[in-house]
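*Asks:* Residue numbers (our numbering): 39 to 198. Pasting a structure here, questions to come.
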């Protein structure tokens with residue numbers, strides 16, 4: 039849910055109009071099953087190609103992020119999680135957007151069927167956790183929320 043607004047801001051005594059994208063927010067989920075993690079391979083029209091990223095979705099205005107995370111994980115991957123943990127929040131583009139992504143860890147997964155919208159072309163890919171660093175280094179994973187989410191997971195697990 040997006041809305042473009044103009045906001046007058048005074049910085050160092052100088053007033054300037056800024057274009058701001060007001061965004062309802064989003065969720066992103068690190069869904070772990072043993073030694074592997076769920077990723078989605080999907081078309082991203084803005085960049086004209088498919089991307090590999092963690093499951094995610096946009097909040098409806100005033101939607102509870104916890105509920106959105108449960109819904110998005112099931113819709114995109116078909117998985118349900120028995121254990122959830124909120125890992126933090128990410129400000130994706132604070133120079134021009136209010137978007138905040140709520141980041142979750144989902145574990146103890148039960149597999150089911152995807153429930154995609156007609157315009158979604160999502161393929162679920164299960165990737166071993168020990169391959170993720172190399173995939174970031176090689177450029178196979180370039181999605182910012184995914185890279186930041188993996189860093190949150192490392193910090194949670196006491197890794198460097």
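Where a beta carbon is used, it is the ideal one built from N, C-alpha and C, also for glycine.
(1) I need the straight-line Cα distance from residue 143 to residue 192, nearest angstrom please.
(2) Quick check on the DSSP output: the beta strand (DSSP E) that includes residue 58 runs from which residue to which?
(3) Are residue 114 and residue 78 close, meaning C-beta to C-beta below 8 Å?
(4) With C-beta atoms as the reference, is residue 194 less than 8 Å away from residue 125?
(5) Give the range of the beta strand (DSSP E) segment to which residue 145 is assigned.
(6) In terms of residue numbering, what span does the beta strand (DSSP E) encompassing residue 113 cover?
*Replies:* According to the structure data:
(1) 12 Å
(2) 52–61 is the extent of the beta strand (DSSP E) around residue 58.
(3) Their beta carbons are under 8 Å apart, which means residue 114 touches residue 78 by this criterion.
(4) yes
(5) Where residue 145 is concerned, the enclosing beta strand (DSSP E) stretches over 138–148.
(6) From DSSP, residue 113 is part of no beta strand (DSSP E) but of the alpha helix (DSSP H) over 103–115.
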